[in-house]
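The block underneath contains the structure these notes are about, expressed in structure tokens.
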Amino acid sequence: MVNLILFGPPGSGKGTQSAKILDKYGLVHLSTGDLLRSERANKTPLGLEATKFIDQGLLVPDEVVIGMISTMLDANPDARGFIFDGFPRTTAQAEALDKLLALKKTAISVVLSLEVPEDQLIKRLLNRGKDSGRTDDASEEVVKARIVEYHSKTAPVADHYAKFGKFKKIKGDGTEAEVFDLLCKELNELVA
Ligand code: B4P
């Protein structure tokens, strides 16, 4: 079983590259961002609660996203592996994920971190905000708040997996195809 965490700051291309990896490797895609947006679109109590955080560029509370991931793991008992996109975003989420996977007698295979300079992240997100309708891409203020949140709460997740020798940086500021090629080089070795 191959379990990949696609890691990186907001706008680094996690969602974009996940879509390409799914097509090629047939892993199950678990994006907490997509799951939260779907809850929000359906106006569920969880979605309405999450909206308050997302609109300010803040992370949604750990217990909410950990619960969603736990449900999705149980819902896919026959998966040959998972891509975790946008999760874990805190050390508490990483510890919870490790435990959930251990219960299923598996573990994270590798964390691939998309490295993109901050000015490009801001440009990409504001550009997407022009027509995505995403409130968290709508203003420079909220985009910058997301990047601050990333540095304070998400960046430490890198150390958590580096301790186990599972963390690898990938140059994320090339074209989508160039970044995908770099990711495939890593994944081909794992999947073979
Ligand atoms: P996410 O949905 O995870 O979104 P993201 O970080 O904005 O995007 P991503 O890195 O996937 O970038 P993308 O490929 O789309 O999170 C949204 C919010 O949900 C969070 O802020 C938080 O509030 C909440 N949330 C989610 N997970 C959570 C968790 N675990 N805990 C707590 N809260 C959580 O690319 C961005 C743009 O760049 C696109 O327009 C794309 O076309 C462009 N792009 C991509 N690759 C490019 C390239 N190589 N060159 C040029 N442009 C590129």
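Each residue of the sequence shown is one higher than the one before, counting from 248 in our numbering. No residue lacks a Cβ here, since even glycine has one placed at the ideal position from N, Cα and C.
The alpha helix (DSSP H) with F300 in it runs from where to where?
Segment P292 to I301, the alpha helix (DSSP H) holding F300.
With a threshold of 16 other CB atoms inside 10 Å of the CB of D383, please say whether the residue is buried or exposed.
By the neighbour-count rule (16 or more Cβ atoms within 10 Å), D383 is buried.
Alpha carbon to alpha carbon, what distance is there between K432 and F334?
Rounded to the nearest whole angstrom, the C-alpha separation of F334 and K432 is 22 angstroms.
Report the option in V438, T401, V426 and F411 whose CA atom is closest to the CA atom of L305.
The residue with the shortest Cα to Cα distance from L305 is T401.
CB of T337 to nearest heavy atom of the ligand B4P: below 8 angstroms?
With a cutoff of 8 angstroms, T337 counts as near the ligand B4P, since its C-beta is closer than that to a heavy atom of the ligand.
Which residues mark the beginning and the end of the beta strand (DSSP E) in which N323 is found?
The continuous stretches of beta strand (DSSP E) do not include N323, and DSSP gives it neither H nor E.
Determine the extent of the alpha helix (DSSP H) in which V390 is found, giving its start and end residues.
Unbroken alpha helix (DSSP H) run through V390: E387 to E396.
Nonlocal neighbours in the same chain, by C-beta distance under 8 angstroms from V438, ignoring five residues either side
Within the same chain, V438 has close Cβ partners V249 and Y272.
Measuring only the C-alpha atoms, how far is T279 from Q264?
One C-alpha to the other measures close to 15 angstroms.
Would you call the CB atoms of I355 and I268 closer than 9 angstroms?
For I355 and I268, no; Cβs fall outside 9 angstroms.
With a cut-off of 9 angstroms, does the C-beta of K432 fall near any C-beta of chain D?
Absent from the structure is chain D; it holds one protein chain and no more.
Among L344, A322, S399 and N323, whose alpha-carbon lies nearest the alpha-carbon of E310?
For E310, the nearest C-alpha among the options comes from L344.
Whose C-alpha, out of D281, V307, H276 and K290, is nearest the C-alpha of I330?
Here the closest residue by C-alpha is H276.
Using the Cα positions of E436 and Y408, report the straight-line distance between them to the nearest angstrom.
Using only the alpha carbons, I get a separation of about 19 angstroms.
Residue ranges of each beta strand (DSSP E) within the segment 351-433, 3 or longer:
Restricted to the segment 351-433, the beta strand (DSSP E) segments that are unbroken, complete and at least 3 residues in length are 357-362 and 414-418, listed in chain order.
Classify V275 as helix, strand or coil using the three-state DSSP reduction.
V275 falls in the strand class under three-state DSSP.
Per-residue burial, K261 [other beta carbons within 10 Å of its own, 16 or more giving buried]:
Buried.
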